[in-house]
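Structure first, then comments.
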Amino acid sequence: MDALTAFFDMGGYARFIWPAYGLVTLVALGLLVTSGRALRSRERELAQLQERNPGRRGRIYE
Amino acid sequence: MNRLFEIIRRDLRLALRQGSDSVMVVTFFVLTVILFPFGIGPEANILERVSPGVLWVTALLASMLSLDRLFQADYEDGSLELLALTPTALEVLVIGKVAAHWLTTGLPLMVAAPVLAVLLHMNADGFLALLATMLIGTPILSLIGAMGAALVLGARRGGVLLSLLVLPLYIPVLIFGVGAIDAAIQGLETGAQLLLMGGILLAALPLAPLAAAAAVRQARE
Amino acid sequence: MLGLSTPSGFVRFAKAVSPWLWVASALLIGGGLYFALLVSPADYQQGQTVRIMYIHVPSAWLGMMGYSVMALSSAAALIWKNPLADLVAKASAPVGACFTFLCLATGSLWGKPMWGTWWAWDARLTSMLILLFLYFGYIALQNAFDDPGRGARAAAILALAGFVNVPVIKFSVDWWKTLHQPASLMKMSGPALHPSMLTPLLLMVAGFTCFYVAVLMVRVRSEILAAKIRALRLSEIHSVQAAGVADGVAG
């Protein structure tokens, strides 16, 4: 048990080290979730559009 | 070459006719510098210590004031379109406009700076360095600024956006400009800083008009 | 090259590679965390706080890599008019900006116990701060136009101009720091890292990089879809207008 407390205490620097790791985790997960969600919602939107306009594929070359 | 001078003459004529730009820029410069003694107190030694930084930071901000009109007015009334259709390369047009901007903004700032340096109790040893850094530095500001001004053509909230784009790119000029004046005040050599600024100027002279011309070209599409 | 330069080729490639990238990133970061938090020793000078390095350095690396990817694909977009390169540049910017921010935030959390202050005008922190503002300018310029194509082209020019400037800014800030070096600051770059610290650091850098590439692929796919949706909506409007004109003629 002592080893575990010592680990989380980080030699007295816990209040600097854990927030740093937490922040990185939070931002990385945030990036992951928002990017994934945007992809899903656009996939749905495109599917709806294509259903409404059969034959058009939507080309991105202008 | 003749076309270049024609463009400069045209822009200068326009600036003189509309009058206020140069006067406004210098007034802003003077007024903002005068605010500092009120903000940090009138003690001569503190003012002397911060004077190079205050003068340069304020000069950066002042030179940005007239930037958004550099291409915007010509863009809106269609004369940019006409200028671009002439056989003169867009790069030459940009250099002409930069030169006109420097003559109406950088040069007046340079004239006003020594007077303000006296008000801030700057050590007399720093005056020559102040003028030299202004002489090399303000054309860099006009060059980088022209690029920013061309990029925001037709953008929403172009004025604020312009400062966000341009200010980070101004930082090296600020650092070397203030560094040279500080060195001169401490009786040190200023050659290195001035050479570095000169190097930046020589690099910006071809690169910034290239980028600005590319930006004008894509704005017309 | 594998048909990678076309959007459909890219999507195929990304779908095939992404799962492996996620697995690699999870394994590398997992292993890196194990070594970083449990195995590696505390630094004899900095104590346990050195463990912040294992996330701080990879964040800095990704902040710089995100900008390089953005600038190089902007160059490709301007020179070869490749539609995919524009989307890669656009997708890379927010990811790079996030990691630049993380680099600053973790640096600040490291600086408080070590330097006694949340922020020091350390040359590296200052350069990263300027980099963050270059990102902000890029993202703001991109979103400032009604026509997304205009935004992409203007932002591409800015990205290149910024890229040329980054070494100048870096040099000037380094030079500025040597002039104003406060004596109390401890040097960040000590002697070469001991292997026990190098192992977790390299694992984390590799894991973060895999994560970045995987997220980038998701975002690029998302941008491709957005462009397709825009094109479809435009053609819908056109066909409605055409129908309207036809009605007008008939009536």
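Residue numbers (the numbering used here), protein chains in the order written: chain A, 12 to 73; chain B, 4 to 224; chain C, 631 to 881.
No residue lacks a Cβ here, since even glycine has one placed at the ideal position from N, Cα and C.
Quick caveat, the model's predicted, so the values are computed rather than measured.
Under the Cβ distance rule, residue 841 (chain C) counts among the residues neighbouring chain A, one pair being separated by less than 8 angstroms. For a Cβ distance threshold of 7 angstroms, residue set 221 of chain B lies close to residue 783 (chain C), ordered along the chain. The CB of residue 732 (chain C) comes closer than 7 angstroms to the CB of 34, 35, 38 in chain A, given here in chain order. The DSSP-derived three-state label of residue 776 (chain C) is coil.
Only 672, 677, 678, 679, 681 from the region 668-681 of chain C bring a Cβ to less than 7 angstroms from some Cβ of chain A. The straight-line gap separating the alpha-carbon atoms of residue 683 (chain C) and residue 26 (chain A) is approximately 15 angstroms.
Note that the region 59-77 of chain B touches the region 145-159 of chain B; at least 3 beta-carbon pairs, one per stretch, sit closer than 8 angstroms. According to the DSSP secondary-structure assignment, residue 677 (chain C) is paired through a beta bridge with C:673. Interface residue (Cβ-Cβ distance to chain B less than 8 angstroms): residue 660 (chain C) is not classified as such. Within the same chain, and ignoring the five residues on either side of residue 742 (chain C) in sequence, the residues whose Cβ sits closer than 6 angstroms to its Cβ are 748. Boundaries of the alpha helix (DSSP H) around residue 694 (chain C): 683-710. In this structure the region 794-806 of chain C does not touch the region 829-842 of chain C; the number of beta carbon pairs closer than 8 angstroms is below three. Residue 709 (chain C) does not reach chain A, its nearest Cβ partner there being about 17 angstroms away, counting only Cβ pairs nearer than 8 angstroms.
DSSP places residue 126 (chain B) in the coil class of the three-state scheme, outside both helix and strand.
Look at the beta carbons and you see the region 117-126 of chain B not touching the region 167-176 of chain B: under three pairs across the two are nearer than 8 angstroms.
Near chain B, meaning a CB-to-CB distance below 7 angstroms, no residue of the region 835-868 of chain C qualifies.
Using a Cβ-Cβ cut-off of 8 angstroms, residue 174 (chain B) is close to 760, 799, 802, 803 of chain C, given in chain order. For the pair residue 64 (chain B) and residue 139 (chain B), the CB atoms are not nearer than the 8 angstroms cut-off. Going by beta carbons, residue 755 (chain C) and residue 767 (chain C) fall outside the 8 angstroms limit. Contacts with chain C (Cβ-Cβ distance below 7 angstroms) from the region 127-154 of chain B involve 150, 154, listed in chain order.
When Cβ-Cβ separations below 8 angstroms define contact, residue 712 (chain C) makes no contact with chain B. Taking a C-beta distance under 8 angstroms as the contact criterion, residue 215 (chain B) and residue 95 (chain B) do not qualify as a contact pair. Between residue 29 (chain B) and residue 57 (chain B), the gap from beta carbon to beta carbon reaches 8 angstroms or more.
Residue contact check for residue 50 (chain A) against chain C: a CB pair falls below 8 angstroms. In the three-state reduction of the DSSP assignment, residue 21 (chain B) falls in the helix class.
For residue 871 (chain C), the three-state secondary structure derived from DSSP is helix. Judged by beta-carbon spacing, residue 698 (chain C) lies beyond the 8 angstroms limit of residue 733 (chain C), meaning their Cβ atoms are not closer than that value. If the five residues before and after residue 860 (chain C) are omitted, its C-beta is found closer than 8 angstroms to the C-beta atoms of 778, all from its own chain and listed in chain order. Distances from the alpha-carbon of residue 720 (chain C) to those of C:865, C:685, C:867, C:848 put C:848 closest. DSSP places residue 744 (chain C) in the uninterrupted alpha helix (DSSP H) bounded by 713-745. Excluding the 5 residues flanking it on each side, residue 827 (chain C) has same chain C-beta neighbours closer than 6 angstroms at 670, in chain order. Put simply, the backbone Cα of residue 145 (chain B) is about 23 angstroms away from that of residue 85 (chain B). The beta-carbon of residue 640 (chain C) is placed no less than 8 angstroms from the nearest beta-carbon of chain B.
One Cα belongs to residue 213 (chain B), the other to residue 653 (chain C), and the distance between them is close to 45 angstroms.
Under the 8 angstroms criterion on CB atoms, residue 32 (chain B) is classed as non-interfacial with respect to chain C. DSSP places residue 223 (chain B) in the uninterrupted alpha helix (DSSP H) bounded by 194-223.
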